[in-house]
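Worksheet: the structure to be examined is printed underneath.
Residue numbers (this note's numbering): 447 to 920.
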């Protein structure tokens with residue numbers, strides 16, 4: 447870790463080059479860059495990735511997939527006014543319920559009573575780890591997965607939340623607290639809010655799988671591409687076939703919790719959403735919820751996913767999919783792989799090696815489909831490891847080289863960003879004079895705690911004993 451006094455792209459480049467030189471790494475050998483989407487990082491002309499591309503044109507920049515997805519989901523939600531207002535109301539409700547330890551305790555007590563009642567009528571079943579008492583979770587824009595957790599927790603603790611809000615509205619000693627609780631309760635009892643609550647649960651339930659997968663430490667570009675593609679397909683299926691099921695779930699929830707359901711065949715008044723009186727009562731309530739909320743929200747999500755994941759770098763990742771061993775090398779295509787080498791890695795293979803690569807690929811695919819140890823692989827990382835384990839990397843050395851080049855492409859910087867979050871835990875206000883060296887060592891132990899946990903205290907003592915006197919340590 448190195449402190450920088452300026453965050454300009456040129457200053458950051460100098461800092462990165464300095465760290466690389468310390469480890470005897472040549473910038474000309476750089477083959478992959480991974481940052482977030484800040485302008486000083488992704489700038490096309492003067493961004494950090496552009497400065498490195500000038501020195502090394504094959505150091506391809508991949509915008510962090512997890513961060514792209516974050517931007518796509520947040521942007522899409524804010525562009526649909528009812529959805530944007532829904533999240534404002536959701537935050538308002540959570541703050542009204544969980545603003546103090548006393549209310550938090552009341553919420554859990556109410557949920558306990560609700561669970562006891564549901565057990566009596568046999569609507570839920572007892573079991574180890576089931577029906578646990580939780581809380582209503584807050585959502586933050588920096589972690590989109592928190593929105594999904596917040597929505598699920600509110601649905602699970604809906605009755606308990608309503609009970610606490612009614613109690614606060616009735617017993618609060620000041621008008622502000624009482625009014626806020628009453629407003630939050632009215633939001634919870636509105637059909638509009640419940641409809642969007644279930645709609646966003648469906649959409650974010652689909653995207654949450656991708657969110658969580660992109661934050662894993664071991665994630666290759668090919669698998670990430672499949673996940674993005676599958677997410678788009680599932681959202682499209684929700685658009686085409688999900689309306690009736692969603693509406694049925696909303697109706698069931700409203701009947702169960704005594705929420706008034708409007709007649710969907712009635713005309714919908716749109717003046718309160720900012721339209722002129724000339725446009726009033728031109729659509730039915732069902733049309734409003736199905737077209738202006740359901741379809742519009744899903745279309746915005748698809749539009750953002752397509753735009754965020756369709757840059758030039760995606761062409762590289764698409765070609766890389768030809769190397770995946772999944773489904774008995776179904777996607778393995780010799781011509782596509784040779785195009786990948788010619789287009790993106792011309793300096794890593796000479797002319798003779800490019801000719802020889804084609805014959806290695808043809809030999810390899812015959813070998814892979816017959817050899818048991820190569821058959822049941824699913825990722826590029828597994829394929830590369832298997833080649834090394836069976837010493838086939840010496841036979842198919844050009845394929846091994848290409849696989850390693852592909853694996854240098856970073857998919858996500860989520861684990862890196864978590865290290866910055868760790869700084870808040872380690873370097874607190876009481877430890878603000880901690881030096882850079884001690885901070886680096888402490889953060890290494892904290893971030894790699896799974897590895898450090900395997901090191902016993904006795905082995906550390908033995909290492910110090912073998913060093914000798916204290917003077918030998920310096």
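Where is the CB? At the ideal position from N, CA and C, for every residue including glycine. Here the structure is a predicted model, which means the values were calculated and not measured.
- Beta-bridge partners assigned by DSSP to residue 506: 478.
- For residue 744, the closest alpha carbon among the candidates 753, 850, 562 and 682 is that of 682.
- A residue is called buried when at least 16 other Cβ atoms come within 10 angstroms of its Cβ; residue 522 meets this threshold and is buried.
- Using a 10 angstroms sphere on the CB of residue 901, the tally of other CB atoms stays under 16, which defines it as exposed.
- Annotation: residue 739 to residue 621 spans about 34 angstroms, alpha carbon to alpha carbon.
- In the DSSP annotation of this structure, residue 840 is not part of any alpha helix (DSSP H), being labelled neither H nor E.
- Short of 6 angstroms from the beta carbon of residue 742, and not among the five residues preceding or following it, lie these beta carbons of its own chain, in chain order: 526.
- In the same chain as residue 543, and ignoring 5 residues on each side of it, the C-beta atoms closer than 7 angstroms to its own belong to 549, 553, 582, 607, 610 and 611, in chain order.
- Within its own chain, the residues whose Cβ lies closer than 6 angstroms to the Cβ of residue 487, once the five positions on either side in sequence are excluded, are 481, 493 and 494, listed in chain order.
- Here residue 471 is actually not in contact with residue 498; their C-beta atoms are around 13 angstroms apart, not less than 8 angstroms.
- Following the DSSP letters along the chain, one finds residue 695 inside the alpha helix (DSSP H) bounded by residues 689-702.
- Positions of the beta strand (DSSP E) runs, each at least 3 residues long and wholly inside the region 488-547, are given as 506-509 in order along the chain.
- Pairing residue 596 with residue 613, the inter-Cα distance amounts to about 22 angstroms.
- Between the C-alpha atoms of residue 691 and residue 684 there is a straight-line separation of about 10 angstroms.
- Annotation for residue 484: no alpha helix (DSSP H) segment contains it, and DSSP assigns it neither H nor E.
- The Cβ atoms of residue 873 and residue 880 lie closer than 7 angstroms to each other.
- Spatial neighbours of residue 671 in its own chain (CB-CB distance under 6 angstroms, excluding positions within 5 residues in sequence) are listed in chain order as 763 and 767.
- Comparing alpha carbon positions, the residue from 774, 794, 772 and 801 closest to residue 781 is 801.
- Contact annotation: residue 751 and residue 647 have beta-carbon atoms that are not nearer than 7 angstroms.
- Residue 818: member of the alpha helix (DSSP H) spanning 818-821, first to last residue.
- Taken through DSSP and simplified to helix, strand or coil, residue 730 comes out as strand.
- Residue 786 and residue 712 have their alpha carbons spaced roughly 57 angstroms apart.
- Cβ-Cβ separation between residue 532 and residue 642: approximately 4 angstroms, consistent with a contact (criterion under 8 angstroms).
- The beta carbon of residue 535 is closer than 7 angstroms to those of 633 and 639 in its chain, skipping five residues each way along the sequence.
- According to DSSP, residue pairing for residue 802 in a beta bridge does not occur.
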